[in-house]
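*Asks:* Protein chains in written order, with the working numbering: chain A, 1 to 302; chain B, 303 to 443. Just so you know, even glycine gets a beta-carbon here, dropped at the ideal spot from N, CA and C. Structure below; questions to follow.
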Amino acid sequence: MTRQAVDIREIRKSFGLEFNLGPVSLSIPRGAICALVGPNGAGKTTLMNLLMGIGRADGGTAELAGHDIRTEEVEVKRRTAYVSPDLSYRAWGSVGRAIDFVSGFYPDWNIDRCDRLLQSFGLHRGERIDTLSFGSRVKLATLFALSRDAELLLLDEPTAGLDPLARQQLFAELLKYMRSEDRTILISSHQLADLERFADHVAVMQAGQVIAFGSIPDLLERYVQLDVQLPHDAPVQSSVLRAISRQQDRACVLLDRQSSQRQSLEELGAEVISENPLTLEELFIALMKTGRTRWQPKLSAA
Amino acid sequence: MPTPQLRLGPISPAAPGALYQQIVDAVKREIAADRLLPGSPLPSFRVLAEELLVSLITVKRAYEELEREGIIYRRQGLGTFVSERGHDRTRAAKRVAARASIAAGVHAGKEAGMSDRELQQLLREELKKSAPNDERHKEAV
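Here it is in structure tokens:
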């Protein structure tokens, strides 16, 4: 058994001039929940689609659960459960009929867990799918993934349309699922406070690239924000400055403690007034505001 | 083997300190109050994450920290347990921390121009405020 649940090497796909994905490399260790975050259109869904064989990559390779996505597609799909809000189950009529239909495909379907999930997600077998709210349809899709004993879950936006209580129930179920240590979850979501609490690793995407990756505690130790007093002749914006916000000579700067940025700031004549930690949401916003500098992501699986 | 129980109270981002530190402090509190005895088994970090609704990495870090401080220990294949000296260590560390906090409070009070009498009054008031907690504590013990 390989140690990595997801091992993506230099995957790329071109969609013409407006958007190109990659090259993306990402290694996610087994037994962890990894968050995939990024603004709309960053390439999260495209990346997941490529991993699941929806569209072919122009280059690069990827292994899911130790199997190549191109040459061992059946084996990959046997071990992986995938959920997307784009999937529609309306054609099956009721929740119960959809479950009966979908469960037939999977020898690893866990009937007891499925019944428990129905209750926990507040879904009923008799309900018609076309009368469900968007959030309930998302829950139904997640139920299909969690009812199997898949090694790897790829969850694309399973928090979409969910209220805070439903989100907590979802994450409680994900943690239950993670009781077996050989399981791994890759989850994309915009709920960064939830991810900071429940996920172990995070990959931040921007404009088709992974711009930061690591364990969440490590990243939140690595990046901090500095309140700095700048000299009058400081440049408006520079790669050294990485200002999150600025009011004349006073700036809030994103500091990468693993770089020589602090020294460069001092050489610039900046005086550090205070150093403050960031939440995952603040780090995300800071990375987006100061990003598009194409520094190499550190791909250590912490 | 039944899953060991560990009741730690709520862990919240709104409370001071990182989540893993809150778990470390909560375990120490349970040990110091004799609600968790030397040799007691602790749940696996996966089970505790599920109960506290926090990430696996958070609980893992908390356990690693407690292990580093010699408060708990791991036995391969058997699980994690409270060490024999865990109780003394948490209590001794807490005494040192309490003394430092009081010293800092006295220092701040003097800087604000408070007299010894006023400081003593302040301490009495704080003790009074925490009295209901102490009552609960005695019952639990």
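On the CB-based measure, 16 or more other CB atoms within 10 Å of its CB, does Thr-80(A) come out buried or exposed?
*Replies:* The residue given as residue 80(A) occupies position 80 in the first sequence. Thr-80(A) is buried by the Cβ-count criterion.
*Asks:* Can you tell me whether Tyr-89(A) is helix, strand or coil according to DSSP?
*Replies:* In the first sequence, counting from the first residue as 1, residue 89(A) sits at position 89. In this structure, Tyr-89(A) counts as coil in the three-state DSSP scheme.
*Asks:* How would you list, in chain order, the residues of chain A whose beta-carbon sits under 9 Å from the beta-carbon of Leu-355(B)?
*Replies:* Here residue 355(B) refers to the residue found at position 53 of the second sequence. Simply Gln-168, Phe-171, Ala-172, Leu-175, Arg-197 and Phe-198.
*Asks:* Quickly, what does DSSP pair Gln-4(A) with across the bridge? List them, please.
*Replies:* Translated into positions along the first sequence, residue 4(A) becomes position 4. Partner(s): Pro-29(A).
*Asks:* Measuring CB to CB, does Val-356(B) end up less than 8 Å from Leu-321(B)?
*Replies:* One-based indexing of the second sequence puts residue 356(B) at position 54. One-based indexing of the second sequence puts residue 321(B) at position 19. Yes, Cβ-Cβ distance for Val-356(B) and Leu-321(B) is below 8 Å.
*Asks:* Flag Ser-103(A) as yes if its beta-carbon sits less than 8 Å from any beta-carbon of chain B, otherwise no.
*Replies:* Within the first sequence, the letter at position 103 stands for residue 103(A). False, the Cβ-Cβ gap to chain B never drops below 8 Å.
*Asks:* Given Thr-303(A), which residues of its chain have a CB within under 6 Å of its CB, disregarding the five upstream and five downstream residues?
*Replies:* Only positions 1 to 302 of chain A appear in the structure, and residue 303(A) is not among them; the question remains open.
*Asks:* For a test of the three-state rule: what should DSSP assign to Leu-132(A), helix, strand or coil?
*Replies:* As a working note, residue 132(A) is residue 132 in the first sequence. Three-state DSSP puts Leu-132(A) in coil, outside helix and strand.
*Asks:* Name the two residues that bound the continuous alpha helix (DSSP H) containing Tyr-106(A).
*Replies:* If you number the first sequence from 1, residue 106(A) lands on position 106. Careful: Tyr-106(A) lies outside any alpha helix (DSSP H) and carries neither H nor E.
*Asks:* Whose C-beta lies closer than 6 Å to the C-beta of Arg-137(A) among residues of the same chain, with five residues either side of it excluded?
*Replies:* What you label residue 137(A) is simply residue 137 of the first sequence in a count that begins at 1. Nothing listed; no residue qualifies.
*Asks:* Please go through the stretch 246-291 of chain A and give each complete beta strand (DSSP E) segment of 3 or more residues, from N-terminal end onward.
*Replies:* Whole beta strand (DSSP E) segments, 3+ residues: 250-256 and 271-276.
*Asks:* According to DSSP, which residues form a beta bridge with Ile-317(A)?
*Replies:* The requested residue 317(A) does not occur in the structure, where chain A is confined to residues 1 to 302.
*Asks:* DSSP on Ile-313(B), reduced to helix/strand/coil?
*Replies:* Here residue 313(B) corresponds to residue number 11 of the second sequence, with the count starting at 1. It is coil, neither helix nor strand.
*Asks:* Spatial neighbours of Trp-295(A) within its chain, please: CB distance less than 6 Å, with the 5 preceding and 5 following residues excluded, ordered by chain position.
*Replies:* Here residue 295(A) refers to the residue found at position 295 of the first sequence. Interpretation of Trp-295(A) is limited by its pLDDT of 41, a score under 50 that renders its predicted location unreliable; the figure taken from the coordinates is listed afterwards. None.
*Asks:* Establish whether the CB of Pro-315(B) and some CB of chain A are separated by less than 8 Å.
*Replies:* If you number the second sequence from 1, residue 315(B) lands on position 13. True, the Cβ-Cβ gap to chain A drops below 8 Å.
*Asks:* With 16 other CB atoms within 10 Å as the buried threshold, where does Phe-15(A) fall?
*Replies:* Here the question's residue 15(A) lines up with position 15 in the first sequence. Its Cβ having fewer than 16 others within 10 Å, Phe-15(A) is exposed.
*Asks:* Out of Arg-250(A), Gln-247(A) and Ala-243(A), which one is the CA nearest neighbour of Asp-387(A)?
*Replies:* The requested residue 387(A) does not occur in the structure, where chain A is confined to residues 1 to 302.
*Asks:* Cα separation between Phe-134(A) and Ser-189(A)?
*Replies:* Counting from one through the first sequence, the residue named residue 134(A) turns up at place 134. Counting from one through the first sequence, the residue named residue 189(A) turns up at place 189. Roughly 16 Å separates the two Cα atoms.
*Asks:* His-67(A) by DSSP, collapsed to three states: which one?
*Replies:* For this step, residue 67(A) is matched to residue 67 along the first sequence. The answer is strand: DSSP assigns His-67(A) an E or B state.
*Asks:* At the level of alpha carbons, what is the spacing between Glu-441(B) and Thr-392(B)?
*Replies:* Looking up residue 441(B) in the second sequence gives position 139. Looking up residue 392(B) in the second sequence gives position 90. Summary for Glu-441(B): the model assigns pLDDT 47, below 50, so the residue's position carries little reliability; its value from the coordinates is reported in the next sentence. Their Cα atoms are separated by approximately 21 Å.
*Asks:* How is Ser-120(A) classed by DSSP in three states: helix, strand or coil?
*Replies:* By one-based count along the first sequence, residue 120(A) stands at place 120. In this structure, Ser-120(A) counts as helix in the three-state DSSP scheme.
*Asks:* Does the distance from the C-beta atom of Gly-208(A) to that of Asn-40(A) stay below 8 Å?
*Replies:* Looking up residue 208(A) in the first sequence gives position 208. Looking up residue 40(A) in the first sequence gives position 40. Against a cut-off of 8 Å, the Cβ pair of Asn-40(A) and Gly-208(A) comes out as no contact.
*Asks:* With 16 other CB atoms within 10 Å as the buried threshold, where does Thr-71(A) fall?
*Replies:* For the purposes of this step, residue 71(A) is taken as the residue at position 71 of the first sequence. Counting Cβ neighbours within 10 Å, Thr-71(A) comes out exposed, since fewer than 16 surround it.
*Asks:* Does the beta-carbon of Pro-217(A) have 16 or more other beta-carbons within 10 angstroms, so that it is buried, or is it exposed?
*Replies:* As a position in the first sequence, residue 217(A) is number 217, starting the count at 1. Per the 10 Å Cβ criterion, buried.
*Asks:* Identify whether Pro-297(A) lies in helix, strand or coil by the three-state DSSP scheme.
*Replies:* Position 297 of the first sequence holds residue 297(A). Low per-residue confidence applies at Pro-297(A): pLDDT is 42, beneath 50, and the placement is therefore not dependable, though the value from the model is reported in the following sentence. Here Pro-297(A) sits in coil by DSSP.
*Asks:* Measuring alpha carbon to alpha carbon, tell me which residue in Pro-29(A), His-201(A), Arg-262(A) and Ala-193(A) is nearest Ile-285(A).
*Replies:* Along the first sequence, one-based indexing puts residue 285(A) at 285. Taking only the C-alpha atoms, the option nearest Ile-285(A) is Ala-193(A).
*Asks:* Can you pull the chain B residues whose beta carbon is under 8 Å from the beta carbon of Ser-27(A), in chain order?
*Replies:* Counting from 1 along the first sequence, the entry for residue 27(A) is found at position 27. Within 8 Å Cβ-Cβ: nothing; Ser-27(A) doesn't reach chain B, min ~16 Å.
*Asks:* Label Arg-179(A) either buried or exposed according to how many other C-beta atoms from any shown protein chain fall within 10 Å of its C-beta, with 16 as the threshold for buried.
*Replies:* Residue 179(A) sits at position 179 when you count from the first residue of the first sequence. When all chains shown are included, Arg-179(A) counts as exposed.
*Asks:* Determine the contact status of Ile-33(A) and Ile-211(A), defining contact as a CB-CB distance below 8 Å.
*Replies:* Your numbering for residue 33(A) matches position 33 in the first sequence. Your numbering for residue 211(A) matches position 211 in the first sequence. Cβ atoms of Ile-33(A) and Ile-211(A): not closer than 8 Å.
*Asks:* Could you check if His-67(A) is buried or exposed, using at least 16 other CB atoms within 10 Å of its CB as the buried criterion?
*Replies:* Counting from 1 along the first sequence, the entry for residue 67(A) is found at position 67. Buried, since its Cβ has 16 or more Cβ neighbours within 10 Å.
*Asks:* Once DSSP output is grouped into helix, strand and coil, what is the label at Gln-293(B)?
*Replies:* As displayed, chain B neither begins before 303 nor continues past 443, which places residue 293(B) out of reach and without an answer.
*Asks:* Output the boundary residues of the alpha helix (DSSP H) element that contains Ala-250(B).
*Replies:* Shown here, chain B extends from 303 to 443; a query on residue 250(B) therefore has no answer.
*Asks:* Given that Thr-212(A) touches chain B, what residues does it touch there, using C-beta distances under 8 Å?
*Replies:* Taking the first residue of the first sequence as position 1, residue 212(A) is located at position 212. The sequence as given places Ala at residue 212(A); Thr does not occur at that position. By Cβ distance, chain B contributes nothing, its closest Cβ being about 16 Å from Ala-212(A), past 8 Å.
*Asks:* According to a CB-to-CB cut-off of less than 8 Å, which residues of the stretch 14-44 of chain A neighbour chain B?
*Replies:* Within the stretch 14-44 of chain A, the qualifying residues are Gly-31, Ala-32 and Ile-33.
*Asks:* Does chain B have any CB closer than 8 Å to the CB of Ser-189(A)?
*Replies:* For the purposes of this step, residue 189(A) is identified with residue 189 of the first sequence, where counting begins at 1. It does not: the Cβ of Ser-189(A) has no partner Cβ on chain B nearer than 8 Å.
*Asks:* Taking CB distances under 8 Å as the criterion, tell me whether Lys-298(A) reaches chain B.
*Replies:* As a working mapping, residue 298(A) is identified with position 298 in the first sequence. Residue placement at Lys-298(A) is flagged as unreliable, the pLDDT there being 42, under the threshold of 50; a coordinate-derived value is accordingly withheld.
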